[in-house]
Each structure stands twice: as structure tokens, then as C-alpha cells.
Amino acid sequence: MKPADILVWERVLAQYPTLYASVDYDFPVGRGAAFLPEDESSADGRENRLYKYKIDAVGYNPDRIEVIEIKPDGSMKALGQALATKQLFEEQEKPAVPVIACVACGTITDDMRRVYESEGVKTILAPSTP
């Protein structure tokens with residue numbers, strides 16, 4: 027995460043301290059580099075983890091998992107990342123509970139909020155205080 031993303035996440039945690047039972051950060055998903063093995067039992071395989079897509083945060087609760095992209099603004103880019111990483115997470119982890127795509131952001135326009143809702147992407151709004 028970038029420094030501006032971290033500020034948003036710190037506000038989320040301050041506003042909703044019990045939102046998740048546990049959280050993983052920079053969660054790797056996807057194939058990674060085709061020229062390296064997927065299996066992490068070798069040094070090359072462990073290096074491949076660096077080439078994978080990273081989910082900013084994965085929030086776990088007994089009844090659901092939330093795949094969270096953290097951005098200062100709820101944008102089209104964040105929407106695409108949330109949807110893509112949700113699919114990659116489900117393919118890789120095959121969880122027994124529902125997975126929810128989520129964007130934690132400081133701001134979001136009404137247009138983007140409607141699009142997020144229509145696509146089933148949860149929004150956690152954590153605006154900065156003036």
C-alpha cells in the first residue's frame with residue numbers, strides 16, 4: 027500500500043475496530059511469472075511470490091471473507107481491482123464461506139457508489155476529518 031492508502035486504512039480501523047476477526051495484508055494471488063515455478067518449495071518458486079498480484083487486505087470473519095482494495099478515492103480502477111482480486115482469491119483459496127469484493131476509501135462519488143452497488147462491491151467509507 028502507498029502512504030495515502032495506509033492513512034485510509036488507519037481511519038477504517040479506528041472507526042470500525044471490530045470489523046474483522048483477523049486481517050492479512052499484501053495477500054498474493056494469481057499465477058505470477060510464467061518463467062518461474064508456482065510451487066514455493068524451491069527458491070525460484072518463493073521468488074515467484076514477488077510477481078503475483080497483491081490484495082491490499084483480506085478481512086476474515088466466521089461467516090465471510092472480504093477482499094479489500096484500499097484507495098484514497100473510490101474509482102473505476104479500484105472497482106476493477108476489487109472484482110479481479112476477488113475472483114483470483116476464490117480460484118486460489120477455494121474458501122468455504124462467501125467472498126465479498128470491497129473497497130475502503132476516503133471519498134466516492136454518487137455515480138461510483140451506484141456502480142459499486144450494482145456490481146456487488148462493498149464500500150467502506152473512511153473520510154478524513156477537516
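Mapping to this note's numbering: the sequence shown position 115 is 141, numbers consecutive. Quick reminder that beta carbons are idealized off the backbone N, C-alpha and C, glycines included.
In this structure, DSSP gives K80 an extended state, which the three-state scheme calls strand. The residue from D31, V141, G146 with its alpha-carbon nearest to that of D82 is D31. Separation of the CB atoms of L114 and G56 is rounded to 5 angstroms, and the pair is thereby assigned contact status at 8 angstroms. For the pair L33 and L76, the Cα-to-Cα distance works out to about 24 angstroms. The C-beta distance from D99 to V123 rounds to 29 angstroms, too long to fall under 8 angstroms, and the pair is not in contact.
Unbroken alpha helix (DSSP H) stretches of 4 residues or longer found wholly inside the region 42-102: 69-74, given in chain order. Distance from the Cα of G85 is smallest, within the candidate group A69, M102, K112, A152, for K112. The Cβ atoms of A108 and A127 sit closer than 8 angstroms to each other. Residue range 125-134 is occupied by the beta strand (DSSP E) that includes V129. Residue pairing by DSSP puts T149 in a beta bridge opposite V129. Taken through DSSP and simplified to helix, strand or coil, K28 comes out as coil.
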